[in-house]
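As structure tokens, the structure follows; a few thoughts come after it.
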Amino acid sequence: MIPSMGHASVLIGLGLTVYAAVAFVLAARGGDPRLNTSARRAVIGSFVAAGIGCAAMVISLLTHDFGVRYVAENNATTTPPFIGVISLWAALEGSILFWALLATGWAALVLHRYRDRYRQLMPWVGATLATVNAFFFAVMTWPGNPFALTSPVAAEGSGPNALLQNHPFMALHPPLLYLGYTGMAVPFAFGVAALVTKRLDEEWLRIVRRWTLIPWTFLTLGIVAGAWWSYEVLGWGGYWAWDPVENAALLPWLTATAFIHSAMVAERRGGLRIWTSALVIATFVLTLVGTFLTRSGIVASVHSFTQSPIGPWFLAAILVALTAALGLLVWRLPDLSGDGRPSGTVSRESAFLLNNVLFLGLTFAVLFGTLLPLLVAATSGDTISVGAPWFDTVTVPIFVALLFLMGVGPALPWGTASWSTMRERFAMPLLIAVLVTAGAVGLGLREVASLGTLGLAVFVGGIMIDEVIRGTRARARGRNEDHATAAWRLTTRNRRRYGGYGVHLGVLVMAVAVAISSGLASDRTVTLAPGETVTIGGYQIRHDRLVVEPLSTDVRVIETRAEVTYSGAQNGSLDTALRDYPNSQAAIATPAVRTSLAEDLYVTLLASDSATGVVTLHLFVNPLVVWIWIGGAIVGIGAVFAIWPERRARRVSVEQRQRAPAAASVEGA
Amino acid sequence: MTVSAPSDPMLPPRRRPWGIVVLVAVVLVVIGYLAFSSVGNALVYYLTPTELVSRGEAAVGETVRLGGLVEAGSISGPATDLTFVVTDGDNAIAVHSTVAPTRSFRERSGAVVEGTLGADGVFEATQVIVKHDENYEVPPSGEIPSEQVIDPGNEP
């Protein structure tokens, strides 16, 4: 009953999105304006349908309805309700269902919000979004039906993926990432609409920039949460391995970031219209590529849970989206030419241009490294892998150059910079950076890469802080405000600029934490009998005893646990375990992480002998890792600050609504 | 009287910013150089024992991933000084490893070991990856062992 309802809602969703796509195109081509309204309602209806589908799946999971194949494969009678709910995105079919919910949600939100504005643009935006969403419903109707039934019905399911069960972070990382991924369809839709209607103007840029920044924020947080999950769960002591699926999430992030920056130049100085529309197209296509890589099982990865028949569907979607969008772009090229105002070699425009070249360089490098194994396998038949060292060699210099630009770019004036401006703005931060780096050398830091990143980060941070102080002082003097008020008003009236500074500050914190944690980490593999002690990075680690027993929360899971005491910069005891899940041949590592602001003590159990109690442990002391997550949070706060509607604009919109309830709102944009 | 080009201070005459063009070109060349100069060392081939044996002397010292089954009864030594044999049924290679594999490493389990073949014919492993697919089989020559799920517990 419930599964049939779910299946029916998928079919209804498909019907509604197909109808919406057709009706929007007809409305755009001068059809009955009521078509536009009904198409918009159909998109909202598809959101409701996807919601009912997800609800049906969650109910099936919670009631352990093993007649549904997805439930039989991802649930068991002993599965706790929380894990049951998040199993919605545990495997392919459920993920696509959840994906459809988010994608239709974005579409409904955007179409509803701009229902009375941009009358030429919006039907094409709607048509594009409805087409994209129809694709996901089609995937669920044919190759990846989440409500496919099985018979005979088993009495017990095989239980959720063991990795999913083992850490609550799985509730956070996929939804954030999916929100980012699906949201990138919105700027793409605006891009297509603008190319069709030839309205690539500054207003278009403002909307698209905003609607790129929103999913960008989710994507960023999703990537950081994924790295954190990897660190807390996988037990290899690191957080980023240049795994193909990590790369898949990074690729659209890189092009979206490039877009956000180039849109600023385009908005301010004109020009770059081909470039900016190409970037939104690339971002969306890369989200499809990412989904294809993740879900087709074509690359070896920690994430390739299942191989499935959806691969060809996504490949076809990538080709169609790419061909259609690029064709449209080429067709419109004559209308898009015409450059912006000229500028000098040393100027903010140049910094932004270089920023875009570097981000695109990164994108190509990461794409090349990720796809090379596929290309080699296809051409020579050899099976190869591209290791993390290659990615580090290629990307670290680019990241460092970007870090430098991050400080210098925003401080340079538009147009042409003079030597005196540069001296005035850069001399002091440079001096402080040199002093801090020298101080770090004095304190015993010798790693060149870590020192360089630290010095650069201080330089960049110094420029930003100096700018905020300068602006605050000028405002306080000019408007006779106290400094706190002046600082608040300065930043809240220029949200995009100072929100951007917040994001940059978070990136700086992350960069320093990554550089120092990878430069100064120490690790050691040791085999210890009960009672034996070993030393690492100032810690005394003592293996107390080995315990093998079923988990109290789920007796089918056998835990092999080493109980360890440690003393040094932190003191205490920790348990590090391997858990045997009934549906997983490999034991799942449950590393123990003791986090402090200065360093993490990280202990993984590799092997054990239950007869003698001897264990093999992998010990890590990772400095500053927690600052990567703190930096990620700062990035998120900065991005939200930038997205938040300007206060003045909101007040106007309230007044307008009071005067004329049906009038267009000017909020946001 | 000479008539110069209209000189509106707000609209300076167009000029190509050659400095930035050169800078962009340099950046692209550097990125390309970084990507291609190091790619040769970064590629790691997956080989079966038979493929490794057929490479003969050329295989010695080259970093490869060797995929196969851990031969029954071949495991000996403590976890940090382990010897075992990886086989594909036709050929077998002795492996020595000082890095502890995860506990799912056992006889007859599928394994991929990364490392180099020594002149003495013993493969010195720098990394042991246990395949934990229930249906793991030794891939036929030239096929992709990577399609199986890699045990994340032992990723780099």
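These protein sequence lines map, in sequence, to chains A and B.
Under this note's numbering, the first residue of the first sequence carries the number 1, and numbering increases by one thereafter.
Under this note's numbering, the first residue of the second sequence carries the number 1001, and numbering increases by one thereafter.
Cβ coordinates follow ideal geometry from the N, Cα and C atoms, glycine included.
Collapsed DSSP secondary structure at residue i in the structure displayed
i                 : result
Arg579 (chain A)  : strand
Ser573 (chain A)  : strand
Tyr118 (chain A)  : coil
Thr37 (chain A)   : helix
Leu551 (chain A)  : coil
Asn1135 (chain B) : Note that Asn1135 (chain B) scores a pLDDT of 35, beneath 50, so its modelled location is shaky; the value from the coordinates is reported in the next line. Asn1135 (chain B): coil per DSSP, three-state reduction.
Tyr70 (chain A)   : helix
Gly105 (chain A)  : helix
Ser304 (chain A)  : Residue confidence is low: Ser304 (chain A) scores 43 on pLDDT, short of 50, so the model does not pin down where it sits. No coordinate-derived value is stated.
Pro623 (chain A)  : strand
Thr77 (chain A)   : coil
Phe1084 (chain B) : strand
Ser596 (chain A)  : coil
Ser1054 (chain B) : helix
Gly6 (chain A)    : helix
Ser1037 (chain B) : helix
Asp1090 (chain B) : coil
Tyr1045 (chain B) : strand
Thr276 (chain A)  : helix
Thr345 (chain A)  : coil
Tyr539 (chain A)  : strand
Alpha carbon of residue i to alpha carbon of residue j, nearest angstrom
i                 : j                 : result
Leu578 (chain A)  : Arg495 (chain A)  : 48 Å
Ser46 (chain A)   : Ala127 (chain A)  : 13 Å
Gly499 (chain A)  : Val635 (chain A)  : 9 Å
Thr220 (chain A)  : Ala589 (chain A)  : 26 Å
Gly452 (chain A)  : Gly461 (chain A)  : 14 Å
Ala154 (chain A)  : Ala72 (chain A)   : 7 Å
Ser567 (chain A)  : Thr533 (chain A)  : 11 Å
Gly1061 (chain B) : His7 (chain A)    : 57 Å
Ala1059 (chain B) : Val1053 (chain B) : 8 Å
Glu1134 (chain B) : Arg1108 (chain B) : Unreliable placement is indicated for Glu1134 (chain B), whose pLDDT of 37 sits below 50; the coordinate value is still reported in the next sentence. Straight-line Cα distance between these residues: approximately 12 Å.
Phe426 (chain A)  : Asp575 (chain A)  : 50 Å
Thr595 (chain A)  : Ile318 (chain A)  : 42 Å
Ser1037 (chain B) : Phe218 (chain A)  : 35 Å
Thr261 (chain A)  : Met422 (chain A)  : Note that residue 261 (chain A) corresponds to His in the displayed sequence, not to Thr. Approximately 21 Å between the Cα atoms of the pair.
Ile1129 (chain B) : Asn571 (chain A)  : 33 Å
Tyr106 (chain A)  : Thr182 (chain A)  : In the sequence on display, residue 106 (chain A) carries Trp and not Tyr. Trp106 (chain A) and Thr182 (chain A): Cα-Cα distance of roughly 8 Å.
Gly31 (chain A)   : Phe190 (chain A)  : 20 Å
Ala569 (chain A)  : Tyr539 (chain A)  : 7 Å
Leu272 (chain A)  : Glu559 (chain A)  : 58 Å
Residue span of the beta strand (DSSP E) that contains residue i, given as start and end
i                 : result
Arg477 (chain A)  : Looking at the DSSP string, Arg477 (chain A) is not in any beta strand (DSSP E); the run it does join, the alpha helix (DSSP H), is 448–479.
Glu1114 (chain B) : 1110–1117
Ile558 (chain A)  : 558–567
Ala589 (chain A)  : 588–590
Contact belief for residue i with residue j at Cβ below 8 Å, rounded distance in angstroms
i                 : j                : result
Ala100 (chain A)  : Ala148 (chain A) : Ala100 (chain A) to Ala148 (chain A), Cβ: 16 Å. No contact.
Met57 (chain A)   : Gly94 (chain A)  : 6 Å
Arg525 (chain A)  : Thr616 (chain A) : Looking at the sequence provided, one finds Thr at residue 525 (chain A) rather than Arg. At roughly 7 Å, the Cβ-Cβ gap stays under 8 Å, so Thr525 (chain A) and Thr616 (chain A) are in contact.
Asn75 (chain A)   : Leu97 (chain A)  : Rounded, the Cβ-Cβ distance is 15 Å, inconsistent with contact.
Arg475 (chain A)  : Leu490 (chain A) : 5 Å
Met184 (chain A)  : Thr287 (chain A) : 5 Å
Val192 (chain A)  : Ala325 (chain A) : 6 Å
Leu293 (chain A)  : Val366 (chain A) : Actually they are not in contact, since the Cβ atoms of Leu293 (chain A) and Val366 (chain A) sit about 12 Å apart, beyond 8 Å.
Ala1072 (chain B) : Leu606 (chain A) : Not confirmed; about 22 Å, so no contact.
Residue range of the alpha helix (DSSP H) that includes residue i
i                 : result
Ile310 (chain A)  : Note, Ile310 (chain A): premise wrong, no alpha helix (DSSP H); not H, not E.
Ser701 (chain A)  : Beyond the ends of chain A as shown, which are 1 and 669, falls residue 701 (chain A); an answer cannot be given.
Leu250 (chain A)  : 244–269
Val153 (chain A)  : First-last for Val153 (chain A): undefined, no H or E at that position.
Tyr602 (chain A)  : Element bounds for Tyr602 (chain A): not the alpha helix (DSSP H) but the beta strand (DSSP E), 599–609.
Phe391 (chain A)  : 388–411
Ile1075 (chain B) : From DSSP, Ile1075 (chain B) is part of no alpha helix (DSSP H); its letter is neither H nor E.
Val224 (chain A)  : 202–233
Contact residues within the stretch 1066–1095 of chain B, judged by C-beta distance below 8 Å to chain A: Those residues of the stretch 1066–1095 of chain B that come within reach of chain A (Cβ to Cβ, closer than 8 Å) are Pro1078, Ala1079, Thr1080.
Where the stretch 381–407 of chain A meets chain B: residues whose CB sits under 7 Å from a CB there: Listed by position along the chain: Gly381, Asp382, Thr383, Ile384, Ser385, Val386, Gly387, Ala388, Pro389, Trp390, Thr393, Val394, Pro397, Ile398.
Residues within the stretch 1028–1045 of chain B neighbouring chain A, beta-carbon criterion of under 8 Å: The stretch 1028–1045 of chain B vs chain A, Cβ under 8 Å: Leu1028, Val1030, Ile1031, Leu1034, Ala1035, Ser1038, Val1039, Asn1041, Ala1042, Leu1043, Val1044, Tyr1045.
Selection of the stretch 340–370 of chain A by Cβ proximity to chain B, strictly under 7 Å: Residues of the stretch 340–370 of chain A with a Cβ closer than 7 Å to any Cβ of chain B, in chain order: Pro342, Ser343, Gly344, Thr345, Ser350, Leu353, Leu354, Val357, Leu358, Gly361, Ala365, Phe368.
Contact residues within the stretch 497–526 of chain A, judged by C-beta distance below 7 Å to chain B: Of all residues in the stretch 497–526 of chain A, Thr525 have a Cβ within less than 7 Å of some Cβ in chain B.
Residues of the stretch 1044–1064 of chain B whose Cβ lies closer than 7 Å to any Cβ of chain A, in chain order: Residues passing the 7 Å Cβ filter: Val1044, Tyr1045, Tyr1046.
Cβ-based contacts, 8 Å cut-off: residues of the stretch 1116–1129 of chain B near chain A: Contact annotation: in the stretch 1116–1129 of chain B, no residue has its CB less than 8 Å from a CB in chain A.
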